[in-house]
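Chemist:
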DNA sequence: AAATGGCACTTGGTAGACAGTCTACCAAGT
DNA sequence: ACTTGGTAGACTGTCTACCAAGTGCCATTT
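Chains as they are written, first to last, in this note's numbering: chain D, 3 to 254; chain G, 3 to 254.
(1) Residue 218(D) CB to nearest chain G CB: under 7 Å?
(2) Along the alpha helix (DSSP H) that carries residue 83(G), what are the first and last residues, could you check?
(3) Would the beta-carbon of residue 128(G) fall within 7 Å of that of residue 174(G)?
(4) DSSP on residue 207(G), reduced to helix/strand/coil?
(5) Between the C-alpha atoms of residue 208(G) and residue 65(D), what's the straight-line distance to the nearest angstrom?
(6) What number of angstroms, rounded off, separates the C-alpha of residue 224(D) from the C-alpha of residue 185(D)?
(7) What is the rounded straight-line gap between the Cα of residue 60(D) and the Cα of residue 137(G)?
(8) Is there at least one Cβ from chain G nearer than 7 Å to residue 95(D)'s Cβ?
(9) Can you tell me which of the three DSSP states residue 94(G) falls into?
(10) Taking only runs that begin and end inside the stretch 162-202 of chain G, name each unbroken alpha helix (DSSP H) of 4 or more residues, in chain order.
(11) Which two residues bound the contiguous alpha helix (DSSP H) that contains residue 75(D)?
(12) Check residue 51(D) in the structure and name its three-state DSSP category.
(13) Closest Cβ-Cβ distance between residue 69(G) and chain D: below 7 Å?
(14) Suppose contacts are defined by Cβ-Cβ distances below 7 Å. Is residue 108(D) in contact with residue 167(D) by that definition?
(15) Between the beta-carbon of residue 76(G) and the beta-carbon of residue 103(D), is there less than 7 Å?
(16) Can you have a look at residue 26(G) and say buried or exposed, based on whether 16 or more other CB atoms are within 10 angstroms of its CB?
(17) What does DSSP give as the partner residues of residue 87(G) in its beta bridges?
(18) Residues of chain D with CB under 8 Å from residue 54(G), in chain order?
(19) Determine whether the Cβ of residue 45(D) lies closer than 7 Å to any Cβ atom of chain G.
(20) Check distances from the C-beta atoms of the stretch 106-130 of chain G to those of chain D and list, in chain order, the residues that come in under 7 Å.
(21) Which of helix, strand or coil does DSSP assign to residue 128(D)?
(22) Under a three-way DSSP split, which group does residue 220(D) fall into?
(23) What residue does the alpha helix (DSSP H) around residue 34(G) start on, and which one ends it?
(24) Since I believe residue 131(D) is in contact with residue 159(D) (beta carbons under 8 Å), could you give me their beta-carbon distance rounded to a whole number of angstroms?
(25) Let me know the secondary structure DSSP gives residue 151(G) once reduced to three states.
(26) Mark residue 228(G) as exposed unless 16 or more other C-beta atoms lie within 10 angstroms of its C-beta, in which case mark it buried.
(27) At the level of alpha carbons, what is the spacing between residue 78(G) and residue 32(D)?
(28) Please say whether residue 117(G) and residue 216(G) have beta carbons closer to each other than 7 Å?
(29) Identify whether residue 142(G) lies in helix, strand or coil by the three-state DSSP scheme.
(30) Does the Cβ-Cβ distance between residue 110(D) and residue 203(D) come in under 7 Å?
(31) Should residue 166(D) be flagged as near chain G, meaning a C-beta pair shorter than 7 Å?
(32) Name, going along the chain, the residues of the stretch 63-89 of chain D whose beta-carbon falls closer than 7 Å to a beta-carbon of chain G.
(33) Output, in chain order, the set of chain G residues within a Cβ distance shorter than 8 Å of residue 174(D).
(34) Is the CB-CB distance between residue 50(G) and residue 87(G) below 7 Å?
(35) Less than 8 Å between the CB atoms is what I'm expecting for residue 53(D) and residue 68(D), so what's the real figure, rounded?
(36) Should residue 104(D) be flagged as near chain G, meaning a C-beta pair shorter than 7 Å?
So, in structure tokens, the structure goes:
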């Protein structure tokens with residue numbers, strides 16, 4: 003949930019203890035709501051986010067919104083300009099590359115560690131996810147396939163048993179998901195074949211192979227993104243053009 | 003500075019433009035102050051941090067303190083318990099391992115990318131840092147050596163040209179520095195020899211070698227930490243034992 | 001057409017208030 | 001001796017109101 007800390011819900015205390023749901027702080031809900039709105043495009047890239055506006059929109063006061071915005075800023079979803087406000091982040095062209103490079107490092111290491119300790123149940127779940135994902139892909143449910151993809155990658159990082167890899171890879175994955183969804187349709191089928199090979203390597207405990215497949219997998223994703231980009235957007239698409247619709251001064 | 007975003011101070015605009023220093027937001031200063039106090043031990047592990055107390059201590063109001071605390075929570079320096087407050091994080095025993103495993107992945111990838119594009123000036127700076135660091139180590143200035151070590155690692159990640167690696171590795175490094183400082187004395191000399199070899203590999207543009215040396219380097223650090231730990235604390239050292247010293251019921 | 005001045009808007013920070021919750025403690029009951 | 005119930009204090013989470021300072025835009029002036 004948080005970035006690094008040992009999330010209180012991630013801790014598996016002695017089996018049998020079930021913490022009752024603690025009332026989620028508003029800032030958390032606001033944070034979730036905003037990321038969701040950014041990912042699904044309700045809040046377009048470059049859009050000017052005004053605290054009171056969001057507060058009204060979500061039915062809370064400025065405070066939780068501020069706190070959520072700062073977290074969003076820290077994680078790169080929005081850019082905070084002092085004295086002006088927050089803008090939904092507009093990705094630079096080289097950003098996806100860097101994101102995927104980081105992901106390659108994080109997740110290939112995760113895959114290696116997962117293969118080093120291939121828990122039976124987890125591997126079964128992986129196989130299940132592969133099957134489901136390929137099915138969704140084939141049936142054209144792109145959104146579902148992307149979500150399943152995220153779930154699979156998430157599970158693999160968790161199998162690494164490394165809290166930090168989980169957190170970092172989680173952040174990166176969510177960002178990738180934001181940029182990547184339009185690419186998924188073309189990339190899909192091959193991607194799921196690779197997943198299947200990857201799961202096999204993990205299940206066999208073949209560290210090097212698992213790490214390498216994951217690395218290549220990410221690399222293929224990167225290539226697919228670029229090909230699509232080159233083909234689809236030869237003309238500059240100006241994403242940012244949301245003039246804040248200033249009110250006239252005189253009339254009202 | 004922040005976690006992922008393109009830090010506004012990291013941007014090197016067209017040469018010649020010199021942004022006047024903008025008054026740093028208070029929350030930033032508070033954040034810095036608190037991490038410093040945590041690292042140097044002024045705020046002991048497990049200590050309960052009270053907002054108004056810190057606010058008074060730093061001469062600001064609650065709000066900036068809250069914002070700083072939330073960031074500290076996101077980055078794992080403190081644990082925030084809803085309705086109760088923040089406690090300075092108490093590291094689990096396996097945490098250093100996980101931290102160093104993550105660091106191995108992040109920095110060995112960084113070293114690889116740095117070697118792929120070994121900027122002349124940066125390499126010169128690296129060599130300089132190696133010399134300085136070894137000197138400090140020899141002269142017994144541990145604090146300085148640790149700082150120089152951080153600087154060297156930081157520069158290498160920056161040479162990767164990958165904003166995300168820089169951010170993540172930066173976070174991890176700061177955390178490592180927190181746990182690691184007591185280990186530095188014993189580890190020092192060998193560490194700086196490895197640095198020298200690493201810099202040579204980068205300067206030669208030998209990707210694989212650079213990545214591997216960095217990985218082994220981190221692994222050695224991990225081993226050193228464990229040896230020290232095993233030697234210095236054979237008896238369980240309960241860091242958190244603030245049993246509330248239950249008062250006897252009868253006598254007083 | 002470009003510089004200038006002014007204005008509206010937004011954030012950053014402060015202060016105070018209040019409900020909900022967490023902890024500790026105490027007392028009575030079993 | 002152990003559990004239960006109750007009480008009190010402390011602290012957070014959230015809201016409201018407010019002010020100073022900074023930012024960007026517009027209209028006017030040059």
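Here a beta-carbon is modelled for each residue, glycine too, at the ideal position from N, C-alpha and C.
Modeler: Working from what's here:
(1) Taking the first residue of the first chain as 1, we reach residue 218(D) at position 216. False, the Cβ-Cβ gap to chain G never drops below 7 Å.
(2) Position 81 of the second chain, counting from 1, holds the residue named residue 83(G). It is not in any alpha helix (DSSP H) - residue 83(G) instead sits in the beta strand (DSSP E) that spans 80-83.
(3) For the purposes of this step, residue 128(G) is taken as residue 126 along the second chain, with counting starting at 1. For the purposes of this step, residue 174(G) is taken as residue 172 along the second chain, with counting starting at 1. In this structure, residue 128(G) keeps its C-beta atom at 7 Å or more from the C-beta atom of residue 174(G).
(4) Here residue 207(G) is taken as the residue at index 205 of the second chain, counted from 1. The answer is coil: DSSP assigns residue 207(G) none of H, G, I, E or B.
(5) Walking along the second chain from the start, residue 208(G) turns up at place 206. Walking along the first chain from the start, residue 65(D) turns up at place 63. Answer to the nearest angstrom: the Cα atoms are 51 Å apart.
(6) One-based indexing of the first chain puts residue 224(D) at position 222. One-based indexing of the first chain puts residue 185(D) at position 183. Going from the Cα of residue 224(D) to the Cα of residue 185(D) covers about 10 Å.
(7) As a working mapping, residue 60(D) is identified with position 58 in the first chain. As a working mapping, residue 137(G) is identified with position 135 in the second chain. Answer to the nearest angstrom: the Cα atoms are 58 Å apart.
(8) In the first chain, residue 95(D) corresponds to position 93, counting from 1. Closer than 7 Å: no.
(9) For this step, residue 94(G) is matched to residue 92 along the second chain. Residue 94(G) falls in the coil class under three-state DSSP.
(10) The qualifying runs are 165-182.
(11) For the purposes of this step, residue 75(D) is identified with residue 73 of the first chain, where counting begins at 1. Note, residue 75(D): alpha helix (DSSP H), 64-76.
(12) Looking up residue 51(D) in the first chain gives position 49. Strand, per DSSP.
(13) For this step, residue 69(G) is matched to residue 67 along the second chain. True, the Cβ-Cβ gap to chain D drops below 7 Å.
(14) One-based indexing of the first chain puts residue 108(D) at position 106. One-based indexing of the first chain puts residue 167(D) at position 165. Taking the C-beta atoms as reference points, residue 167(D) is found nearer than 7 Å to residue 108(D).
(15) The count along the second chain starts at 1 and reaches residue 76(G) at position 74. The count along the first chain starts at 1 and reaches residue 103(D) at position 101. No. Outside cutoff.
(16) As a working mapping, residue 26(G) is identified with position 24 in the second chain. By the neighbour-count definition (other C-beta atoms within 10 Å, threshold 16), residue 26(G) is an exposed residue.
(17) What you label residue 87(G) is simply residue 85 of the second chain in a count that begins at 1. DSSP, once it has assigned bridges, lists 83(G) as partnering residue 87(G).
(18) As a first step, residue 54(G) is located in the second chain; it is residue number 52 there, counting from the start. Under the 8 Å cutoff, chain D gives no residues; its nearest Cβ is about 16 Å from residue 54(G).
(19) Stepping through the first chain from its first residue, residue 45(D) is reached at position 43. Not an interface residue.
(20) Listed in sequence order: 107, 108 and 111.
(21) Walking along the first chain from the start, residue 128(D) turns up at place 126. Residue 128(D) falls in the helix class under three-state DSSP.
(22) Taking the first residue of the first chain as position 1, residue 220(D) is located at position 218. Shown here, residue 220(D) sits in a helix according to DSSP, grouped into three states.
(23) Taking the second chain and counting its residues from 1, the one referred to as residue 34(G) is at position 32. Per DSSP, the unbroken alpha helix (DSSP H) holding residue 34(G) starts and ends at 28-41.
(24) Start at 1 with the first residue of the first chain, and residue 159(D) comes out as number 157. Start at 1 with the first residue of the first chain, and residue 131(D) comes out as number 129. So it is not a contact: roughly 13 Å between Cβ atoms.
(25) For this step, residue 151(G) is matched to residue 149 along the second chain. Under the three-state reduction of DSSP, residue 151(G) is assigned to helix.
(26) Translated into the one-based positions of the second chain, residue 228(G) becomes position 226. If you draw a 10 Å sphere on the C-beta of residue 228(G), you find fewer than 16 other C-beta atoms in it, and that means exposed.
(27) Along the second chain, read from residue 1 onward, the residue named residue 78(G) stands at position 76. Along the first chain, read from residue 1 onward, the residue named residue 32(D) stands at position 30. Those two C-alpha atoms are separated by around 21 Å.
(28) Your numbering for residue 216(G) matches position 214 in the second chain. Your numbering for residue 117(G) matches position 115 in the second chain. Not in contact: residue 216(G) and residue 117(G) (Cβ atoms no closer than 7 Å).
(29) Position 140 of the second chain, counted from the start, is the residue given in the question as residue 142(G). Per DSSP, reduced to three states, the secondary structure at residue 142(G) is coil, with no helix or strand assignment.
(30) Working through the first chain from its first residue, we reach residue 110(D) at position 108. Working through the first chain from its first residue, we reach residue 203(D) at position 201. No, Cβ-Cβ distance for residue 110(D) and residue 203(D) is not below 7 Å.
(31) Working through the first chain from its first residue, we reach residue 166(D) at position 164. Closer than 7 Å: yes.
(32) Per Cβ criterion, the list reads 69, 72, 73, 75, 76, 77, 78, 81 and 84.
(33) Locating residue 174(D) in the first chain gives position 172, where the first residue counts as 1. Correct list: 166.
(34) Your numbering for residue 50(G) matches position 48 in the second chain. Your numbering for residue 87(G) matches position 85 in the second chain. Taking 7 Å as the Cβ cut-off, residue 50(G) and residue 87(G) qualify as a contacting pair.
(35) Position 51 of the first chain, counted from the first residue, corresponds to residue 53(D). Position 66 of the first chain, counted from the first residue, corresponds to residue 68(D). The distance from the Cβ of residue 53(D) to that of residue 68(D) is about 6 Å, consistent with a contact at the 8 Å cut-off.
(36) By 1-based counting over the first chain, the position of residue 104(D) is 102. Against chain G, the CB of residue 104(D) has a partner CB under 7 Å away; the residue lies at that interface.
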